[in-house]
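Residue numbers (the working numbering), protein chains in the order written: chain A, 141 to 572; chain F, 1121 to 1419.
Every residue gets a Cβ at the ideal spot worked out from N, C-alpha and C, and that includes glycine.
Heads up: the structure comes next, in structure tokens.
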Amino acid sequence: MKKWVALFLAVSACLSLFANGKSDAPASSAGGVTSVDFYVWSDGNDEYSRFFDSFNEQGLNVKINPKYIVPADYGSKLTTLLAGGISMDAYMQKSQTDMFPQYYNGYIEPLNDLMASHNYDYNQVKSWDASISIDGKVVALPHRGGKYYTYYNAKAFEAKGVPTPTELVQKGEWTWDKYVEISQLMSDNDEKTFGSCLYTWGSCSVYPAAQEGMNFINADGSIDVDNSLLKSFQIRKTLEDGLDSPRLVDLKVTKTHYSQVFYTGMAPMLLIGEWFPGTVQNGFSKDLIKGYTLEDFRITRLPCDSADYNSIGAPTFGHVHAKSKKKDAAFEVLAWMASPAGALVEAKMGFLPPMVDDKVMEVLSTNVPDKTSLEYFTEDVPVKPFFYTKYGSKVEQIISQYVEKYLLGEISDSELIPAFKAEMQTIVDTTN
Amino acid sequence: MNTKSLEKTPWPTVLSFLLPGFTGFVLFVFLPMLSTFLISFTNYSGGPNWKIVGIDNYLTIAKDKHFLQSMVVTFKFVVIGVSLQIIMGLLFALILNRNFFGQTFFRSLFFMPNVLSSVGISLAFSLIFHPTKGIANQMLEFVGLPDSPWLTDPSTALLTIIMVVLWMSFGYYMIIFLGGLQSINPSLYEAADIDGANGVQKFFRVTLPMLSPTMFFALTMCIINSFKVFDQVFMMTGGTDGGGPAGSTNVVVYDIYQNSFRNFRFGYASAESLILLLIILIITVIQFNNQKKWVTYDI
């Protein structure tokens, strides 16, 4: 009997290993066309599917085989797929700071050699170098720019007779204090119509701090936290307490998207990233926006306390998977996305491409008809990325926790900075 | 097949029937458990650059205030959640054990939430508990009571989730208790009647003791399931945006999720999982050891 039991265990172990094994199938190509497995967050009928379709419609010898993952699950599923060693050629980065742990874990292919062998003109996107390089190596190519703006509905401002953010920018008065003041003037204080909206992401609660260059944790592990963090939290608390902005916890628990807040007129002013004109275009095309037109949609700078304006943000980009067997083909896709041809497609969809030329401006003007808005949307200003180090994802998580504590009165002004610094130190101590 | 033919069945045949199930067990239970155990002693973050760190992860956990806070939240959830699920399950089992018109319908009705998707239910309850448009607050308003913040306040968020889990799960325990109630020998009630016992006395002296094996099973399962709660917390209080509000619903499994999939700390998260396993194991062992004092199997 013993030998049968031993055989049984051996067979079950072999079956388990067989089921656990991975396929090392060679790169597939049919009729000279190489298919690239490209992972992205999408429902299969949005800007990314259109972007991919545009690439495939060119009839090149490389085709994108889209692998769509629903946006809400993308982060955790991508982590699982990468750690599980799935066969993948390229993927989009949804949370930019995740590129650091992914790169150090060997998932991302450095692109320097591929750029050289494909004669890619890096100067096209070199202005984003700090956001797409790690340790001197280019690890991504951007298909969108990365800047935050003030978006507002001019019709709502006109109705209330309140000066618009654009007017205040032009007078040099669009500061964070003024932002609070204008939000208060625009609010109906009835918990239905607010003055402005700051979204639920941790980054959205620290705009002023990020704009002032606070890095939370520097690349060398030193802590960089000062009172601008407190100021950022205070701005949000003032607005929430005065019913001038939707409460963070309400937005989070009710899963209310910032676009919904803007579409419905719940808040006529929103501070968010460069993709929002594309979102608005989508809103108009799906008839989700009522009561105002595209002509009422305006864009201007973020509030800023410094005389030298700078925006915040990082571009949206894709990576070549380090274990891909079709790196050249995957790179060709990324290179097209980060080229003038890709930029035109992005612009058509209302997004800010990583490079802006006359053709792009012409296309963008159909989505941003207001000339002044278009000028602010495409102006060349310095951009500071949010907590852009290998600690970034963890920092954002702590910001999310602490801003909630602060807004709910569970932590005082005097306790905030020391407690936050201690959290940052813990992150440094526990990050590989 | 009778016992004799079973005894005559050759071992290869028996083992070949066991093989598919055993392979599944090895693949989906044993190997993941083993790898979790091994990874917990490393700083594995998903890539090839990892090293063995001994018990460092466990030492860090002992000092990690987020983990300790999540443990407090989990224990609150278990104590309140288990008590309510067992009491409600028993109460409804007692009611539905009586013969009345529609008895089967109501049994099915109360059990039904248990077979529904927890994600779908969580989404539905997110709408019900919407702070301004939710039907829960509209009902409170209708009866003249003030609005409740439900999921948006640290003092009520966990209780709200417990209510949802209670709604989902008590039907399962109700069915278990119904099975237990129906297996109680009626002669015991007849004897109690002859002795002049009233309803309350019969419940405490006959029903509860006779139900104790079922109660023991239900309690064990309920405690284990409550320690593993995740879906409702994830779906109803913020998902990948960090749980909340202010960490008030961050249970241990949620902390494990955050550390694995947001922080790339697979080694650390594995150590947290093992600590959770150990806690569940200790509680279950204590329950098993103490069952002799209150569980009756002899009638």
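Contacts with chain A at 9 Å (Cβ-Cβ) include residue 1377 of chain F.
Around the beta-carbon of residue 258 of chain A, fewer than 16 other beta-carbon atoms lie within 10 Å, marking it exposed. Look at residue 231 of chain A here: in three-state DSSP terms it is strand. Under the Cβ criterion (8 Å, minimum of three pairs), the region 1379-1395 of chain F counts as touching the region 1152-1159 of chain F. Under the three-state reduction of DSSP, residue 341 of chain A is assigned to coil, being neither helix nor strand. Excluding residues up to 5 positions away in sequence, 1282 lie with their Cβ nearer than 7 Å to the Cβ of residue 1200 of chain F in the same chain.
Contacts with chain F at 9 Å (Cβ-Cβ) do not include residue 350 of chain A. In this structure, residue 274 of chain A lies near residue 240 of chain A, with their beta-carbon atoms less than 9 Å apart.
Bridge partners of residue 293 of chain A according to DSSP: A/437.
For residue 1161 of chain F, the nearest beta carbon of chain A is not closer than 9 Å to its own beta carbon. Per DSSP, residue 209 of chain A is one residue of the beta strand (DSSP E) stretching across 202-209. Non-local C-beta neighbours of residue 467 of chain A in its own chain, meaning closer than 7 Å and more than five positions away in sequence, comprise 249, 254 and 460, ordered along the chain. For residue 288 of chain A, the secondary structure class from DSSP, reduced to helix, strand or coil, is strand. Any Cβ of chain F closer than 9 Å to the Cβ of residue 572 of chain A would place that residue at the interface, and such an atom is present.
According to DSSP, residue 456 of chain A shares a beta bridge with A/284. If you compare the alpha carbons of A/386, A/188, A/176 and A/346 with that of residue 201 of chain A, the shortest gap goes to A/176. No Cβ of chain A is located within less than 9 Å of the beta carbon of residue 1259 of chain F.
Apart from the 5 residues on each side of it in sequence, residue 1223 of chain F sits with its Cβ closer than 8 Å to the Cβ of 1216 in its chain, given in chain order. Per the DSSP secondary-structure output, residue 175 of chain A pairs in a beta bridge with A/203. Straight-line spacing of the CA atoms in residue 1220 of chain F and residue 1264 of chain F works out to 35 Å. For residue 474 of chain A, the CB contacts under 6 Å within the same chain, skipping 5 residues up- and downstream, are 281 and 458 in chain order.
In this structure, DSSP gives residue 1162 of chain F an extended state, which the three-state scheme calls strand.
Assigned with DSSP and collapsed to three states, residue 567 of chain A falls in helix. The Cβ of residue 550 of chain A sits closer than 9 Å to at least one Cβ of chain F. Within the DSSP bridge table, the entry for residue 461 of chain A names A/248 as partners. Between residue 398 of chain A and residue 428 of chain A a beta carbon distance of about 13 Å is seen, past the 8 Å cut, so the two are scored as non-contacting. In this structure, residue 246 of chain A places its C-beta atom within 9 Å of the C-beta atom of residue 1169 of chain F.
Close to chain F, meaning a Cβ-Cβ distance shorter than 9 Å, are the following residues of the region 331-347 of chain A: 331, 332, 340, 341 and 342. By the Cβ neighbour-count rule, residue 392 of chain A is buried, with 16 or more other Cβ atoms within 10 Å of its own.
For residue 1227 of chain F, there are no C-beta contacts with chain A under 7 Å, since the nearest C-beta of that chain is about 33 Å from it.
Going by DSSP, residue 1335 of chain F is part of the alpha helix (DSSP H) stretching over 1328-1347.
The continuous alpha helix (DSSP H) containing residue 272 of chain A extends over residues 269-272. Residue 1412 of chain F and residue 1336 of chain F have their C-alpha atoms some 11 Å from each other.
For residue 1234 of chain F, not one C-beta of chain A is nearer than 9 Å to its own C-beta.
The distance from the Cβ of residue 178 of chain A to that of residue 204 of chain A is about 5 Å, consistent with a contact at the 8 Å cut-off. Comparing alpha carbon positions, the residue from A/541, A/520 and A/484 closest to residue 505 of chain A is A/484.
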